[in-house]
Ligand code: URP
Ligand code: ZN
Ligand code: ZN
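In the working numbering, the protein residues as written are 1 to 459.
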């Protein structure tokens with residue numbers, strides 16, 4: 001099966017040129033001007049942007065959390081991702097405290113195997129690091145291709161590990177060529193503030209925000225960076241939201257430390273004023289919470305300075321009836337927000353079209369850097385000969401509106417309802433097959449492959 005994409009404007013993290021792309025099977029086999037049109041399928045991309053498929057390295061599908069499950073499963077989540085131009089996601093396995101990593105891996109496989117439409121991988125969240133789990137780290141990296149280990153410095157009693165465990169895990173992971181992802185907020189401070197607000201009868205979603213002030217994230221980010229520096233373990237901060245936390249990373253970089261930063265689309269575009277809307281604010285109850293306008297400016301600057309490397313989603317959707325679990329108490333609102341389908345078009349419309357980032361930077365933070373950091377480059381994350389043919393074709397002029405009524409995520413509201421965007425992803429290819437064509441999904445569940453990842457390098 002061969003496909004020719006003709007005359008598109010090809011954008012990678014470094015290049016911008018007009019050419020044809022010839023695909024055979026799953027791979028790109030030639031790129032050039034006026035390639036022969038003897039392909040089974042020919043797509044005319046004149047006037048369109050042709051870019052690498054998006055990679056979202058922070059999603060939670062079908063995940064047990066806060067007494068319920070995130071509402072997109074592996075099928076609905078990866079299909080919605082494809083509609084929005086994201087051809088690969090990295091999801092999180094959560095170890096249960098008192099249980100092994102192998103048990104967790106099996107449990108997650110039982111939900112994801114043969115159910116994904118798009119490609120996927122896992123990070124392993126270590127919530128109980130001990131002598132037994134220590135022995136499992138090498139095998140995960142070398143046999144399973146799971147090279148990134150997630151730690152939570154918050155969610156005490158469920159997911160949080162202490163600093164002693166963090167240091168031990170860092171030393172073990174570093175030994176075998178992996179690295180640590182971290183949810184860096186100070187769990188004890190947050191627990192104190194949550195309890196204080198509840199005792200004072202302050203129970204609306206606004207107090208979710210007020211229980212996680214900027215200092216809780218800045219402090220934990222700095223502490224994590226210090227521990228990573230001490231152990232020499234590479235680090236990756238997930239969902240960084242604010243100026244204080246980014247400044248902690250700036251300090252770490254001054255001492256030549258290797259630490260990567262991810263922010264999420266919502267922290268670039270939305271702010272904490274949304275929590276003033278009474279219970280409707282529950283739509284944006286996530287951790288860390290939305291911040292201030294000054295933090296958005298810091299994050300855009302961080303992207304352009306090359307300090308913020310990845311724009312992900314932390315897609316963790318809950319339907320409205322699930323959010324209602326916290327109607328009387330903000331601390332019971334399941335934390336999370338849907339965005340897997342919207343990230344690429346939001347970032348293009350609000351980022352590129354509004355002059356905040358350039359086209360190469362767009363590709364870098366939505367795809368290439370994730371592929372490099374997470375050990376998949378150049379198979380994923382670029383348009384090059386021998387790379388997987390994971391490609392999006394975008395009409396940069398087409399306008400459209402975000403609406404829960406028309407999106408494909410399994411959630412009955414949108415955090416961006418009514419937003420008008422310019423730039424529509426028209427066609428998506430995943431490993432050479434047309435996945436999305438003019439708003440129709442052409443792939444079945446089971447097409448999505450688990451992608452084994454390589455050890456961490458200097459990407
Ligand atoms: O609110 C969030 N972020 N929910 C998902 C879990 C996490 O902390 O990433
Ligand atoms: Zn988190
Ligand atoms: Zn998350």
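We put the CB at the ideal spot given by N, CA and C, even for glycine.
query                                                                                                                        : result
Buried or exposed by the 16-neighbour rule on C-beta atoms within 10 Å, applied to residue 64                                : exposed
Short Cβ contact (8 Å threshold) for residue 323 with residue 333                                                            : yes
Per DSSP, cross-strand counterpart(s) of residue 400                                                                         : 421
Residues that residue 183 bridges to, as DSSP identifies them                                                                : 152
Local conformation of residue 443 per DSSP, three classes                                                                    : coil
For residue 110 and residue 363, the rounded distance between their alpha carbons                                            : 33 Å
Residue 286 Cβ short of 7 Å to ligand 1 heavy atom set                                                                       : yes
Bridge partners - residue 373, DSSP secondary structure assignment                                                           : According to DSSP, residue 373 bridges with nothing at all.
For residue 395: DSSP bridge partner residues                                                                                : 424
Residue interval of the alpha helix (DSSP H) (run including residue 221)                                                     : 214–231
Whole-angstrom distance between residue 74 and residue 112, CA atom to CA atom                                               : 6 Å
Stretch pair the region 74–94 + the region 430–440: three plus CB contacts closer than 8 Å                                   : yes
Residues of its chain near residue 140, where Cβ-Cβ distance is below 7 Å and the 5 sequence neighbours each way are ignored : 101, 124, 146
Nearest-angstrom Cβ-Cβ length linking residue 430 and residue 53, presumed shorter than 8 Å                                  : 7 Å
Own chain, CB closer than 6 Å to residue 189, minus 5 neighbours either side, in chain order                                 : 216
8 Å CB neighbourhood of residue 14 in its chain, flanking five on each side removed                                          : 360
Selection from 30, 16, 261 that minimises the alpha carbon distance to residue 369                                           : 261
Own chain, CB closer than 8 Å to residue 308, minus 5 neighbours either side, in chain order                                 : 240, 246, 261, 262, 263, 299, 302, 365
Cβ-based burial, residue 95 [other Cβ within 10 Å; buried from 16]                                                           : buried
Candidates 321, 420, 60, 268: closest to residue 280 by CA position                                                          : 321
Cβ-heavy atom distance, residue 238 to ligand 2, below 7 Å                                                                   : yes
Supposed close pair residue 383, residue 45 - CB separation, criterion 8 Å                                                   : Wrong, their Cβ atoms sit about 12 Å apart, outside the cutoff.
beta-carbon residue 260 near ligand 2 non-hydrogen atom, thresh 7 Å                                                          : no
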